[in-house]
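Just so you know, the protein sequences line up as chains B and E, in that order.
Read in order, the letters of the first sequence correspond to residues 15 to 126 in the numbering used here.
Read in order, the letters of the second sequence correspond to residues 7 to 118 in the numbering used here.
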Amino acid sequence: GNSVTQMEGPVTLSEEAFLTINCTYTATGYPSLFWYVQYPGEGLQLLLKATKADDKGSNKGFEATYRKETTSFHLEKGSVQVSDSAVYFCALRPLGSYIPTFGRGTSLIVHP
Amino acid sequence: EAGVTQFPSHSVIEKGQTVTLRCDPISGHDNLYWYRRVMGKEIKFLLHFVKESKQDESGMPNNRFLAERTGGTYSTLKVQPAELEDSGVYFCASSQEGEKLFFGSGTQLSVL
């Protein structure tokens with residue numbers, strides 16, 4: 015079946031540090047890949063997506079590249095801010111399906 | 007434009023009681039999804055409505071859970087009778103064509 019594996023959290027960083035949150039997936043075919051973010055007290059929001067191999071999704075300084083050969087979609091940001099503190103969820107959606115499969119989420123805490 | 011609204015935001019009940027969660031999707035969104043996240047684990051799919059029809063209910067854990075979407079507008083998820091393992095955050099999401107999901111802020115259910 016389809017599954018998403020994320021690195022364990024929490025990830026604790028100082029402001030302006032480099033961020034990587036690892037995500038790998040298992041799926042048949044060529045799923046679409048997503049990163050969602052949940053800020054405290056809010057619902058999940060789509061952060062970025064990629065729909066085919068080697069595509070790079072980007073938004074708000076965050077980037078992730080769809081790597082078919084390593085089945086990965088790692089999230090990166092060059093310089094994090096305190097306001098980036100949130101829970102980040104990696105997800106996949108199989109081709110032809112309306113149902114995303116989510117990982118367990120990775121909590122990010124950024125200190126001033 | 008109003009987002010996805012869930013009610014209540016928190017619910018604390020005793021084992022054996024009944025609880026009903028409500029979700030109001032974004033107006034015009036035909037697709038409505040229910041997901042659940044147990045503490046620290048994956049966000050698990052429960053079911054998917056297209057308008058008033060259940061398109062996929064493969065994630066519903068057992069027959070103590072009943073979801074409805076009368077008239078294709080708001081949806082309810084009833085748990086009867088509630089068990090301890092039903093505790094978690096219940097998320098509702100809606101979408102127009104399945105590409106991007108809009109999430110509510112969730113209902114935190116605690117069964118004591």
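Using N, Cα and C, we set each Cβ at its ideal position, and we do this for glycine too.
Among E30/B, I35/B and D69/B, the one whose alpha carbon lies nearest that of Q20/B: The shortest Cα separation from Q20/B among E30/B, I35/B and D69/B belongs to I35/B.
First through last residue of the beta strand (DSSP E) which encompasses E20/E: No beta strand (DSSP E) holds E20/E; DSSP gives it neither H nor E.
Closer than 8 Å to chain E by CB, Y44/B: Not an interface residue.
Any C-beta of chain B under 8 Å from that of L52/E: no
Top-ranked residue by Cα proximity to L107/E, from V85/E, P31/E and M45/E: Ranking V85/E, P31/E and M45/E by Cα distance to L107/E puts P31/E first.
Top-ranked residue by Cα proximity to A67/B, from Y53/B, Q59/B and F48/B: In terms of CA proximity to A67/B, F48/B leads the group Y53/B, Q59/B and F48/B.
Cutoff 8 Å: P24/B Cβ touching any chain E Cβ: In terms of beta-carbon proximity, P24/B stays away from the interface with chain E, with every pair separated by 8 Å or more.
Segment limits, beta strand (DSSP E) that includes Q61/E: S59 to D62
Entirely enclosed beta strand (DSSP E) segments - the stretch 55-103 of chain B, minimum 3 residues: 58-64, 70-73, 76-79 and 89-91
Cα-Cα separation between P14/E and G94/E, rounded to whole angstroms: Looking at the two C-alpha atoms, the distance is approximately 13 Å.
Residues bridged to D30/E (per DSSP): T11/E
Pair within 8 Å by beta-carbon distance, T11/B and N16/B: Only positions 15 to 126 of chain B appear in this structure, which leaves residue 11/B out of reach.
Cross-chain neighbours of Y39/B in chain E, by beta carbon under 7 Å: What Y39/B touches in chain E: nothing, since even the nearest Cβ is about 12 Å away.
Buried or exposed by the 16-neighbour rule on C-beta atoms within 10 Å, applied to Y80/B: buried
Stretch-stretch touch, CB-based, cutoff 8 Å, three pairs: the stretch 18-36 of chain E with the stretch 75-82 of chain E: yes
Chain E contact for L58/B (CB, 8 Å cutoff): yes
Opposing strand residues paired with H125/B [DSSP bridges]: S28/B
Classification of V68/E by the beta-carbon crowding that lies within 10 angstroms, buried from 16 upward: Note that residue 68/E corresponds to Asn in the displayed sequence, not to Val. So N68/E ends up on the exposed side.
Opposing strand residues paired with Q86/E [DSSP bridges]: None; Q86/E has no bridge partner.
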